[in-house]
Structures are given as structure tokens and as C-alpha cells.
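Q: Numbering (full-length UniProt numbering), first residue to last: 1 to 418. Glycine included, every Cβ here is placed at the ideal spot set by N, Cα and C. As the structure is a prediction and not an experimental result, all values here were calculated from the model.
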Ligand SMILES: Cc1cc2nc3c(=O)[nH]c(=O)nc-3n(C[C@H](O)[C@H](O)[C@H](O)COP(=O)(O)OP(=O)(O)OC[C@H]3O[C@@H](n4cnc5c(N)ncnc54)[C@H](O)[C@@H]3O)c2cc1C
């Protein structure tokens, strides 16, 4: 069904065009889409989250994310941090180093006057807490497994066509005032809206694995830069750490193909012996690193959040945190617009979101790109410059605090949901 433009509408068509099943449809029930739904649950808006996977599939993903202080603050504002915090691990020291250079930059909580520097959370823990907080919420419906096949936008709203994946009781189409694309890096919502992206694939893939070190991690996160790419160890539970090992694609595939023992040996060579012997537990997987930024985040009756709007190199663990902040910001803008009686899907409201988030995300994406490129080279003038840079950061406290605040998402305008 194609909706006519406003000028072509007869009065009965007008009435139909102004009838909505929901105010807002969030396409994609990953962590970012679910965060937006939770942030809007008491807004008075009627919301549907449309997710292609079943709830158990969506929860059971192997990812783990660094949660910066900005994200834990947002989850606290949403009233769900107390449910999340018992199942996540914190780090109170970050050690940055450059290959075999003995100089290490150390960050401590007192640099931020905070009790910890950040947390590491698994996908399961985050998504489950978000879903639990929506369990008795009448304002939010969760439609899954249901895939959005296409959307048609007219002056008054958006018609969303659905592939209900064989569920007879699910409607084939919905009419809403606003669509939010939270459908990941290959966003169909973004593509259908004709929004292009800029960016590039990196020459590297990331190998992700869980290890059980012989010695306690002591709540320390390590990021060590090698010419082949950054290598991070993050505490994910009392006994386990998550490694994110970036290497050129062929080397990453060769590492993935090793058996656990050979992989643990390669890992010890790369990391050293600070934590004693390292045992690999659970599956390993790789994903290609890429930088991708949507040329715009909004259209009339459309906004993009999370990976649908931007993806970046995993160095510094920025990706998920930017998405959580997008969701909180969009929620604040929509709540204000709704309270002031504005049309939540109007381009004017949408542009407020784009103005707020796009520049901040651009800075973070550029930061990860420059960090990766500057450290993934053995060219001596760059090596000397970056090692000098690390010493300056270590020695000049205001600069160190600024770098840390930027990495922890504590710079720029912050959404307020309380
Ligand atoms: C294999 C892999 C491993 C990764 N590992 C890590 C890691 O260890 N640490 C880390 O920090 N980052 C990791 N990342 C990046 C991280 O997963 C993303 O930054 C993060 O998931 C983005 O969240 P999101 O909610 O925006 O998108 P996603 O998590 O991609 O969620 C999008 C959701 O939309 C749904 N969807 C898509 N299309 C449709 C449609 N047409 N209709 C309905 N629903 C739809 C999908 O099923 C999905 O649930 C990894 C990425 C990949 C691909």
C-alpha cells in the first residue's frame, strides 16, 4: 500500500493516514534498540520493537562490551544499573603501552575522581536486564521474530511492512509516526532511506576469546599497541578475561584455526607472563574491523542509532558506548518534543538529534581511526612521535585527565533522563 502525498489525500484517506498502531517503531532489538525502548517506557508514547531474531537468539550472543562511565551513568538514570552491576566486572586501572617499549601510561580512578574506570559486560547480561525492565510495561510491545521488509513514508507517518516468519497472529503491516533504525551496521532502514555511508574497511580483523589466567587480573585492563594492531585484555569476571586481538585478516584467520593450546602459546608470546599461564575457555570468533559513518542520521519520520549510524575500530571500546548515548539522547529529545506537543517525527525534531550526536560521534570515530593508524606502523618518525606523545600524556596531568575523560565518554553534552 502506497500512501498518497498530503495534497492528494481525500478526507477519508487523511483519516486513515492519521491512524497509528504505534507512535514509534524501533527496528532492531539489540542493546541499543532496547536501551531506547527502556528510556521511553514512561514517556506516554506507544512503542513497538521489531526484532528479526527470537528473544533467546537475540540474548545468546557471545559479545562482551567495555562499558564506559557514560554508559553506566545512563543505565543508572534508567534505573537498571543495580540489576546489571552484580553480573559485570569492573576495572580500576588501565595500562597503555607501545609494543616492547618499557614505558607504560597508567590511568587510575583518582584521575576521574570516580571509584572505578569502567566495566566489562556480556551481551547476555545487558540485553536480559533491559528486557526484564520491559516485562510488565504496557507501553512497549516486543515483536519477534519479525523482520521489517520495507517502509513507506508519507507526510503523516510511516507504513512498515513485515515478514512475520510464519506467525499467523502477527500483523503484516503497521502504521507509525516515527521509525528508528537500530538494525545494526548493515541497516536496511538506512539503505531504504537512501542514506549513504562514508568510511573504509581496515586491513585487520579482531579475534575475540575468553581466557582464564593463572593469576588474578587485579581489575586491570591492558591495551598494548603492536604494528599489526592493538591488543586488549579486559577483566570480564573474577576468573576470566576477554581478549580482543587485532591482526591483519590472514594472520587473524590463522590464529583462529589454531587449537586452544597453540592459541594460548601464541597469546602468551604476545601478552607476556604478568598473569601466569593463560588457558583459553569457550569459543573464539573474529569480526572484520571497519569505519562507517552515515552521511546523515535523520530524515522526516526517521532516525538512526547505534551501528546503523556508525561503526568504528574496536580500539578503546567506543562502539557500543556511542550507541547507548545515541539512544539516551534521542529519548530525551523525543520526551521533550512530546511534552511540548510537537510532532515527534518532524524533521525539526529529528534534526535536534542529529545536531547533538553526529559531531560527537565523528570525533570518537576519528579518535579510534587515528589511534589505530598511528600505532599500527613501524615507521620510525611515527614511532618516536607516538612514544613521546605517551610520555607527555603520562607527565602532564590535565592532558591525562582530558584523554581519560574523552575515552570514558565524559566530554560533550550529556543526555539527562532523570
Ligand atoms: C561478530 C561480531 C562480534 C563483535 N564483537 C564485539 C565485541 O566483542 N565487543 C564490542 O565492543 N563490540 C563487538 N562488536 C560490535 C558490536 O556488536 C556492535 O557495536 C553493537 O552490537 C551495536 O549494537 P546495535 O544494537 O546498534 O546493533 P546490533 O547489535 O547489530 O543489533 C541490531 C539488531 O537488529 C536486528 N535486525 C537487523 N535487521 C533487521 C530487520 N530488517 N528487521 C528486524 N530486525 C532487524 C538484528 O537481528 C539485531 O538484533 C561485534 C560485532 C560483530 C559483527
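(1) Here's the rule I'm using: 16 or more other beta-carbon atoms within 10 Å means buried, otherwise exposed. How should residue 100 be labelled?
(2) At a cut-off of 8 Å, is residue 188 close to ligand 1 when judged by its beta-carbon and the heavy atoms of the ligand?
(3) Pairing CB atoms from the stretch 375 to 382 with CB atoms from the stretch 290 to 304, are three or more of them under 8 Å?
(4) Please name the residue, chosen from 384, 200, 28, 266, that lies closest to residue 162 on a Cα-to-Cα basis.
(5) Name the one or two DSSP bridge partners that residue 95 has.
(6) So is the beta-carbon of residue 307 under 8 Å away from any non-hydrogen atom of ligand 1?
(7) In this structure, how does DSSP classify residue 86 when only helix, strand and coil are distinguished?
(8) Does the separation of the CB atoms of residue 189 and residue 181 fall below 9 Å?
(9) Is DSSP giving residue 247 helix, strand or coil here?
(10) Are the stretch 56 to 68 and the stretch 115 to 132 touching by the rule of at least three beta carbon pairs closer than 8 Å?
(11) So, at 8 Å on beta carbons, what are the nonlocal neighbours of residue 471 in its own chain, with the 5 sequence-adjacent residues on each side left out?
(12) Starting from residue 290 and walking both ways along the beta strand (DSSP E), at which residues does that stretch end?
(13) Check each candidate in 244, 91, 329 and name the one with the smallest Cα separation from residue 414.
(14) Is it buried or exposed, residue 340, if we count other Cβ atoms within 10 angstroms and call 16 or more buried?
(15) So for residue 51, helix, strand or coil by DSSP?
(16) Quick one: what's got a C-beta closer than 8 Å to residue 108's C-beta in the same chain, skipping five residues either side?
(17) Return the CA-CA distance between residue 187 and residue 103, expressed in angstroms with no decimal places.
(18) Is residue 235 near ligand 1 - that is, is its Cβ less than 8 Å away from at least one heavy atom of it?
(19) Using a 10 Å radius around the Cβ and a threshold of 16 neighbouring Cβ atoms, would you call residue 370 buried or exposed?
(20) At the level of alpha carbons, what is the spacing between residue 358 and residue 236?
(21) Please name the residue, chosen from 43, 85, 242, 407, that lies closest to residue 418 on a Cα-to-Cα basis.
(22) State the beta-bridge partners of residue 73 as determined by DSSP.
(23) I believe residue 313 touches residue 361 by the beta-carbon criterion, under 8 Å. Please report the beta-carbon distance rounded to the nearest angstrom.
(24) Considering just the uninterrupted stretch of the alpha helix (DSSP H) at residue 331, what are its terminal residues?
(25) Exposed or buried, residue 385, counting other C-beta atoms within 10 Å across all chains shown (16 or more means buried)?
(26) Given that a residue counts as buried once 16 or more other Cβ atoms are within 10 Å of its Cβ, and exposed if not, what is residue 277?
(27) Could you name the residues that DSSP lists as bridge partners for residue 118?
(28) According to the neighbour-count rule (16 or more other Cβ atoms, all chains shown, within 10 Å of its Cβ), is residue 4 buried or exposed?
(29) Mind reading off the beta-carbon distance from residue 331 to residue 349? Whole number of angstroms is fine, and I expect it under 8 Å.
(30) Under 8 Å from any heavy atom of ligand 1, does the C-beta of residue 27 make it?
(31) What span of residues does the beta strand (DSSP E) with residue 22 cover, start to end?
(32) Using the Cβ count rule (16 or more neighbours within 10 Å means buried), how would you classify residue 352?
(33) Compute the distance between the beta-carbons of residue 53 and residue 145, then report whether it is under 9 Å.
A: Here's the rundown:
(1) exposed
(2) yes
(3) no
(4) 28
(5) 106, 222
(6) yes
(7) helix
(8) yes
(9) strand
(10) yes
(11) Coverage of the chain is limited to positions 1 through 418, which leaves residue 471 absent and any answer about it impossible.
(12) 278 to 294
(13) 329
(14) exposed
(15) coil
(16) 92, 93, 117
(17) 42 Å
(18) no
(19) exposed
(20) 30 Å
(21) 43
(22) Paired residues: none, contrary to the question.
(23) Actually they are not in contact, since the Cβ atoms of residue 313 and residue 361 sit about 14 Å apart, beyond 8 Å.
(24) 319 to 339
(25) exposed
(26) exposed
(27) 91
(28) Note that residue 4 scores a pLDDT of 34, beneath 50, so its modelled location is shaky and nothing firm can be said.
(29) Rounded, the Cβ-Cβ distance is 12 Å, inconsistent with contact.
(30) yes
(31) 22 to 27
(32) buried
(33) yes
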